[in-house]
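Following my numbering, the numbering of the sequence shown begins with 22 at its first residue and continues without gaps. Idealized CB from N, CA, C, for every residue including glycine.
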Amino acid sequence: MPSTHIGTSGWQHDPFAGRFYPDDVPQDDWLARYADTFGTVEVNNTFYQSPEADTLRAWRRRTPDGFTFAVKANQYITHFKKLKDPDEPVQNLYRNVEPLGDALGPILFQCPPNWHQNLDRLHTFLETLDDAHRHVFEFRDPTWLNEETYDALRAHDAAFCVYDFGDRSTYRVVTTDWAYVRLHGRGEAYHGRYTDAELADWADAIADWRADGLDVYVYFNNTAGEGHAPHDAQRLAARVRDHLGR
């Protein structure tokens, strides 16, 4: 049966304190408290540095069986190398995330803005990826948002990251047997609160994807300002449950 995973992009954001986490919960306990509400999280700090294996194992211990960590690939791969010379960096990436074990979800490659489409580079990179992991690509530069890119991802069973980013949104393209969505905020990126109508629209999309047999991952990244991400994620999850109960 298709599964739906809804959470936030990270759990350690300061605006969550006092709004999502009670004031008396120490930060070391935030992940366990987060996992009381959500079954998945997107890890963004891996973009800046690779956590120690003991850190990943500790995350795994603090979350229940069935909890899923989506992990963002290090910026060395996507921003410094721009997917070039992928063999060693990709193997290092797999080795670094291995301590998560069966809690590892999709691996996200967030490609930088102002890096124009390079299909040869993308094809070469995709050919280095294994079949044991789920891989998803978020393209911030609009030159990538076309059928040539989607076809390349389809050919290698990789997912296209559907997203909205401020006032800009991608098409809701699916390129494999699962869908991946990042909701970066409305108006100003990483800020704002999604309206009931917007969440109802996303719930409809998720219901359609599930009806097609797709697993779905959705992460809210409107974590700045008042930190609405966890509350928006809860609101969307409730709407999805309502759909399933019909």
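The continuous stretches of beta strand (DSSP E) do not include F146, which lies in the alpha helix (DSSP H) extending over residues L140 to T149. V157 is positioned such that its CB atom lies closer than 9 Å to that of P127. A check of alpha carbon separations from F160 across D106, P134, V237 and Y201 identifies P134 as the nearest. In this structure, R142 keeps its C-beta atom at 9 Å or more from the C-beta atom of L114.
If you look at V64, you'll find it in the beta strand (DSSP E) that goes T61 to V64. The Cβ-Cβ distance between A91 and H26 falls below 9 Å. In the structure shown, the three-state DSSP call for V261 is helix.
D75 and N243 have their alpha carbons spaced roughly 29 Å apart. The bridge partners DSSP lists for E169 come to none. Distance between Q33 and L204, taken at the CA atoms: about 18 Å. About 7 Å separates the beta carbons of D44 and A38, which is inside the 8 Å limit, making them a contact pair.
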